[in-house]
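There are 2 protein chains.
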Amino acid sequence: MNSHRYCVIMCGGVGSRFWPFSRNDRPKQFLDFFGTGRSLLQMTVDRISSSVTPENIILVTNRQYSDIIRQQLPQIKESNILLEPARRNTAPCICWASRHIYALDPEASIVTLPSDHLVLKEIEFCKAIDEGFEFVEKGDRLLTLGIKPSSPNTGYGYIQQGVATDGFPGIYKVKSFTEKPNLEMAELFMNSGEFFWNAGIFLWTAKSILKAFDKYSPEIAQTLDAPASTYGTPKEPEFINDNFQNCINISIDYAIMEKADNVYVKTVDIGWSDLGAWKALYEASPRNGEGNVTQNCKVLTTDCEGTIFAVEGDKIIVAAGLKDYIVADSGNALLIYPLKDEQQIRNIVNDVKNRFGSEFV
Amino acid sequence: MNSHRYCVIMCGGVGSRFWPFSRNDRPKQFLDFFGTGRSLLQMTVDRISSSVTPENIILVTNRQYSDIIRQQLPQIKESNILLEPARRNTAPCICWASRHIYALDPEASIVTLPSDHLVLKEIEFCKAIDEGFEFVEKGDRLLTLGIKPSSPNTGYGYIQQGVATDGFPGIYKVKSFTEKPNLEMAELFMNSGEFFWNAGIFLWTAKSILKAFDKYSPEIAQTLDAPASTYGTPKEPEFINDNFQNCINISIDYAIMEKADNVYVKTVDIGWSDLGAWKALYEASPRNGEGNVTQNCKVLTTDCEGTIFAVEGDKIIVAAGLKDYIVADSGNALLIYPLKDEQQIRNIVNDVKNRFGSEFV
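If you read the sequences in order, they're chains A and B.
Per this note's numbering, residue 975 is the first one in the first sequence, and the count goes up by one each step.
Per this note's numbering, residue 975 is the first one in the second sequence, and the count goes up by one each step.
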């Protein structure tokens, strides 16, 4: 395994959209959605481990999750877990992790991964990552993976492919990025064959991404510009504690990808879903005869369709007459909600917190 | 308080219609449905205690409930709790209890009560019981309370009033009994003004009811015919253990009331509901602005109507788009079911038991 290859896994997100399963103290990436015994984060680490050695896997998370991460990933050494003192979206997170890695290995190349996505085709995924590393290691290039759309999803960002590259089949210059289009546009995008979902999986060398930060996001680059012998040394945590919170809150897409002129997309078919909320989980899960998804639980239904049942523990659900619903029972909360209205769940979680207290969220 | 007045409270029923709240080991009468801190059984005892002294209150139940009864009713002495070795419906139960009381006091008059009903107008109830006692103590008469129907309920038995009695306003000879009429008939009954719901509340002297058993239900009378000095003595439990199970399984209505010619009805307005199942509970409970009943629990609803939410413990329910539903969450079971189909719940409980095990019912 190439010892200059590193992986950054971002696992500090809150993920209130899976409430009541995801909770403030146990967000989505730490949940075992499919009853396989492995959380989404654990599966992410398992998956990348054939391309990147565990010593080179860096986790970036909020400090409140340090215990659960150590518990779920005992194979990752303590110094590879970067604890953010504040939530500042993906750009500051990636900038920090890239500086950390650059300090350890200026020749490093890096794949940056979300921790809460589903990838069903593991072999295709690993092949794509390895090919992506080869591509970015050959020049100053920022690479993102693009997923062939299977539906006109209006919740994703889309990447438009431009001209093909020489010698790297499936890798194209990026022509444009479009965030969350409306349905009409999403349908056009899908039918054109030129647009791909932005999976938030990026490859670059440490050198290239830090150069891009200097050029396209100098505020972050300056805020995280530490004296020599800070990153990769015991002084790093203190520097981060003092400075990280001063970074602007911005995603890597807005801060870098949409601005840079050396951005490429590798189009892949890896069985990907962002599992953004219940509907995506429903679609990613096997259905029973009535078209319901019963997440690993005991369910007795009459005249129910298109419904996802998720329950914690050894409990039975008896239900009738539910069409296209979420039924999620976890701890001290029960959600019975139309799948089509799932975008309301974030607001509901706020309402619950305000009206009934934070012990319910 | 008249020391010849006794009360028999029947509290051995199973009540699977309130599953998952009612369970095999904790049927309806032991539940605190209204969050008042008192179970239906405790409220029944509380209510009758102004007409009958606690020493004269006899409970008849299945032996499996002896612990929960002692726990809920510490004021009732052990010898007043009659433990049935088998379930044989109300006629054998009443015959036994009446013999027990007759042995203690041949001059006894008895009010027999179900333990799982709701009575909102307590003063009216006590007045009716006291007047009923006076009526049955004056002659060989069997008296039942008749409730003025507030809806054409097809689940109840109806009593048709006949000629009025002399000197006892509101007490009539019974003309007929009709079990569970169809809707058309129930509407006719209600509009006629002559028909009343049979609340299963009976008054008689011990002498009169035992005489009626001899005449109209001689099988039960003979099966429970013990040698002298059995009832009311330490020999009684052994005799019952040996013989009670040989009684036929029959209700007091079929065994006696529909056959006897000395049956009277006292028409009353006591705010009564048999709380037979969720719909009745819904109707007996205060509703919130959206027409939902939230049984003492934290609920956040959007676009829900006519729905009853019942949850055990400090838990929140978030629901949307439910019309006329039962949402009941208790222990290891969650029920989400249309109120209109609640008669299916009995069958469902059987299904659950057969498919998932008796620990869920």
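Every residue, glycine too, gets a C-beta built ideally from N, C-alpha and C.
None of these values were measured; they are calculated from a predicted model.
Any idea if residue i is buried or exposed, counting beta-carbon neighbours within 10 angstroms, 16 or more meaning buried?
i: E1210 (chain A); result: buried
i: L1274 (chain B); result: buried
i: I1097 (chain B); result: exposed
i: T1207 (chain B); result: exposed
i: S1081 (chain A); result: Reading off the sequence shown, one finds Glu at residue 1081 (chain A), where the question assumed Ser. Result: exposed.
i: D1277 (chain A); result: exposed
i: M975 (chain B); result: exposed
i: K1051 (chain B); result: exposed
i: P1155 (chain A); result: buried
i: L1392 (chain B); result: This structure leaves residue 1392 (chain B) out entirely; chain B is present only between 975 and 1335.
i: D1043 (chain A); result: At residue 1043 (chain A) the sequence reads Ile, which differs from the Asp that was named. Its Cβ being crowded by 16 or more others within 10 Å, I1043 (chain A) is buried.
i: A1202 (chain B); result: exposed
i: P1048 (chain B); result: exposed
i: T1341 (chain B); result: One cannot answer for residue 1341 (chain B) here, as it falls past the ends of chain B, which runs 975 to 1335.
i: G1120 (chain B); result: buried
i: D1041 (chain A); result: exposed
i: P1192 (chain B); result: exposed
i: S1182 (chain B); result: buried
i: D1227 (chain A); result: buried
i: S1247 (chain B); result: buried
i: A1302 (chain A); result: buried
Work out the CA separation of residue j and residue i for me, nearest whole Å.
i: D1006 (chain B); j: S1023 (chain A); result: 55 angstroms
i: N1266 (chain B); j: S1304 (chain A); result: 23 angstroms
i: I1319 (chain B); j: D1298 (chain B); result: 15 angstroms
i: T1035 (chain B); j: N1220 (chain B); result: 17 angstroms
i: T1281 (chain A); j: I1103 (chain B); result: 52 angstroms
i: A1251 (chain B); j: E1316 (chain B); result: 7 angstroms
i: F992 (chain B); j: R1012 (chain A); result: 38 angstroms
i: T1179 (chain A); j: L1015 (chain A); result: 23 angstroms
i: T1152 (chain B); j: F1008 (chain A); result: 55 angstroms
i: D1140 (chain A); j: K1147 (chain A); result: 11 angstroms
i: N1324 (chain A); j: G987 (chain A); result: 16 angstroms
i: A1307 (chain A); j: K1289 (chain B); result: 5 angstroms
i: D1243 (chain B); j: Q1269 (chain B); result: 25 angstroms
i: P1001 (chain B); j: P994 (chain B); result: 10 angstroms
i: G1263 (chain A); j: D1079 (chain A); result: 53 angstroms
i: E1111 (chain B); j: F1142 (chain B); result: 13 angstroms
i: L1094 (chain A); j: C1100 (chain A); result: 11 angstroms
i: R979 (chain B); j: N1328 (chain B); result: 46 angstroms
i: T1128 (chain A); j: L1157 (chain A); result: 6 angstroms
i: N1030 (chain A); j: D1199 (chain A); result: 23 angstroms
i: G1136 (chain A); j: I1310 (chain A); result: 44 angstroms
i: E1161 (chain A); j: A1284 (chain B); result: 44 angstroms
i: G1331 (chain A); j: D1216 (chain B); result: 57 angstroms
i: G1144 (chain A); j: K1240 (chain A); result: 6 angstroms
i: S1025 (chain A); j: G1287 (chain B); result: 48 angstroms
i: P1126 (chain B); j: P1126 (chain A); result: 53 angstroms
i: C1356 (chain B); j: D999 (chain B); result: Since the first and last residues shown for chain B are 975 and 1335, residue 1356 (chain B) lies out of range.
i: G1245 (chain A); j: K1122 (chain A); result: 10 angstroms
i: G989 (chain B); j: H1091 (chain B); result: 12 angstroms
i: K1233 (chain A); j: A1186 (chain A); result: 9 angstroms
i: E1279 (chain B); j: Y1256 (chain A); result: 27 angstroms
i: M1231 (chain B); j: L1116 (chain B); result: 8 angstroms
i: P1057 (chain A); j: S1083 (chain A); result: Before going further, note that residue 1057 (chain A) is Leu rather than Pro in the sequence given. One C-alpha to the other measures close to 21 angstroms.
i: Y1132 (chain B); j: Y1238 (chain B); result: 13 angstroms
i: L1249 (chain B); j: A1258 (chain B); result: 8 angstroms
i: Q1003 (chain B); j: D1020 (chain A); result: 54 angstroms
i: Q1196 (chain A); j: Q1134 (chain A); result: 31 angstroms
i: I1075 (chain B); j: V982 (chain B); result: 9 angstroms
Answer with yes or no whether the minimum CB distance from residue i to chain D is below 8 angstroms.
i: K1289 (chain B); result: Looking at the structure shown, chain D is missing, and the protein chains on hand are A and B.
Check: For the segment 1192 to 1219 of chain B, which residues have a CB atom closer than 7 angstroms to at least one CB atom of chain A, in sequence order?
Finding: none
Check: In chain order, what residues of the segment 1311 to 1323 of chain B put their CB closer than 7 angstroms to some CB of chain A?
Finding: Y1311, P1312, D1315, I1322
Next item on the list: Counting only runs of 3+ residues fully inside the segment 995 to 1059 of chain B, write out the beta strand (DSSP E) ranges in chain order.
Entry: 1031 to 1036, 1055 to 1058
Check: Considering only residues of the segment 1095 to 1153 of chain B, which uninterrupted beta strand (DSSP E) runs meet the minimum length of 3 residues and lie entirely inside it, listed in chain order?
Finding: 1116 to 1121, 1132 to 1138, 1145 to 1152
Next item on the list: Using a Cβ-Cβ cut-off of less than 9 angstroms, give me the residues of the segment 1005 to 1037 of chain A that come near chain B, in sequence order.
Entry: Going along the segment 1005 to 1037 of chain A in chain order, one finds no residue with a Cβ nearer than 9 angstroms to chain B.
Check: Counting only runs that start and end within the segment 1161 to 1209 of chain A, where is the alpha helix (DSSP H) found for 4 or more residues in a row?
Finding: Fully enclosed alpha helix (DSSP H) runs of 4 or longer: 1180 to 1190, 1192 to 1197.
Next item on the list: With 8 angstroms as the limit, tell me which residues of the segment 1251 to 1284 of chain B have their beta carbon closer than that to any beta carbon of chain A; keep them in chain order.
Entry: Answer set for the segment 1251 to 1284 of chain B: K1272, L1274, T1276.
Check: Going along the chain, which unbroken runs of the beta strand (DSSP E) with 3 or more residues stay wholly within the segment 1204 to 1268 of chain A?
Finding: 1237 to 1242
Next item on the list: Name, going along the chain, the residues of the segment 981 to 993 of chain B whose beta-carbon falls closer than 8 angstroms to a beta-carbon of chain A.
Entry: none
Note to self: Ignoring anything shorter than 3 residues, give me the beta strand (DSSP E) runs that lie fully in the segment 1283 to 1321 of chain A, in order along the chain.
What the structure shows: Given a length threshold of 3 residues, each whole run of the beta strand (DSSP E) inside the segment 1283 to 1321 of chain A is given here in chain order: 1290 to 1294, 1299 to 1304, 1307 to 1312.
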